[in-house]
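Numbering-wise, our numbering comes out as the position in the sequence shown, counting from 1, plus 349.
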Amino acid sequence: MKQTPVIDSIGWTRGNDGVVVHANAHDDTGNTTYYRWEYEETWEIHSFFASGLIYDDGKVRDRVFPDEERMVCWKDARSTSIIIASSAKLNGDRISEMPIVNIPNGHEKLAWRYSILVRQYALDKNAYEFYDLMKKNTESIGTIFDPQPSEIRGNFVCVTDPEEPVIGHVTASTVEEQRIFINSSQVPNWVFVQNCPEQNVTPDSIVYYFEGGGYIPYDTKEDNGNIEYYLASYAGCVDCTKRGGGRQRPSFW
């Protein structure tokens, strides 16, 4: 098992195209040379409209708080690409500002608060070459200038037929991880835009607008104590779970 050096730091930079989260690491012993990273992202999302109403069984009623509160949610994602780097051709076993994830301008990830947990692994040379070939075969194909697919062979072998092509590689190392948070206040002029038009829904039209879940009421307009119409908008603008969010607050938040 290879010993993975600790992550020196996880940082980020703001560029013209968005924010790039990067990792820094080094090994004074010079025994690592080959690195791999994975990450888990979590970000807070808010509904555009705060709703005190809910459509239920053909009627509009008051929401029951906190169980039916839908203002704040959290979303998460995991790395899907192969992130590797080597210091073999560098002067010293050091990796500086290795890009881990790109967050494009205006993405909802940085609209409120964002967190990323980065895991770092040490690789041996054979494992690095396997991942490198896998990366080229899966992520760098699409134009005539990209490299042609190559046969991928790891250290898996078919015991009944050694000539049978087998894809896979076993490697073992310790794991180092580090988490950072980025608040929206740290990224000035980050504009996340939602299309959330207001829709006035009269009481005799609630089934038409609300039954399918396309619109959700969030307030009322009254006249002499009588409801003149409901204020509504798209479901994703009123209920954060409709945008793929979860109501369970992460333990590390």
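Each residue gets a CB set at the ideal place from its N, CA and C atoms; glycine is no exception.
- Looking at the DSSP output, V467 sits in a beta bridge with Y388 and Q527.
- The Cβ atoms of D553 and S400 do not sit closer than 9 Å to each other.
- DSSP assignment within the stretch 416-482 yields the following whole beta strand (DSSP E) runs of 3 residues or more, N-terminal first: 421-427, 432-435, 443-453 and 462-472.
- Rounded to the nearest angstrom, the gap between the Cα atoms of D405 and P566 is 11 Å.
- Between P354 and A471, the gap from beta carbon to beta carbon is short of 9 Å.
- Exclusion of the five residues before and after R363 leaves V536 as the residues of its chain whose Cβ lies within less than 7 Å of its Cβ.
- Under the three-state reduction of DSSP output, T551 falls in the coil class, being neither helix nor strand.
- Under the Cβ criterion (8 Å, minimum of three pairs), the stretch 541-551 does not count as touching the stretch 368-384.
- In the three-state reduction of the DSSP assignment, V536 falls in the coil class, being assigned neither a helical nor a strand state.
- In the DSSP assignment, E393 is bridged to W423 and R462.
- Minimum Cα-Cα distance from R502 among the listed residues M483, W602, T520 and Y388 corresponds to M483.
- Proximity to V542 across W423, G585 and F530 peaks at G585, based on C-alpha coordinates.
- Judged by DSSP secondary structure, A584 falls within the alpha helix (DSSP H) whose first and last residues are A584 to V587.
- Looking only at S534, E577, L580 and H371, the smallest Cα-Cα distance to I444 is reached by H371.
- Boundaries of the beta strand (DSSP E) harbouring V370: G367 to H375, taken from the DSSP string.
- The distance from the Cβ of T382 to that of S436 is about 5 Å, consistent with a contact at the 8 Å cut-off.
- Taking the CA atoms as reference points, V421 sits about 31 Å from E525.
- Around the beta carbon of V508, fewer than 16 other beta carbons lie within 10 angstroms, which makes this residue exposed.
- W386 sits away from A460, with the two beta carbons spaced by 9 Å or more.
- Annotation: P415 to N454 spans about 33 Å, alpha carbon to alpha carbon.
- The three-state secondary structure of N486, taken from DSSP, is helix.
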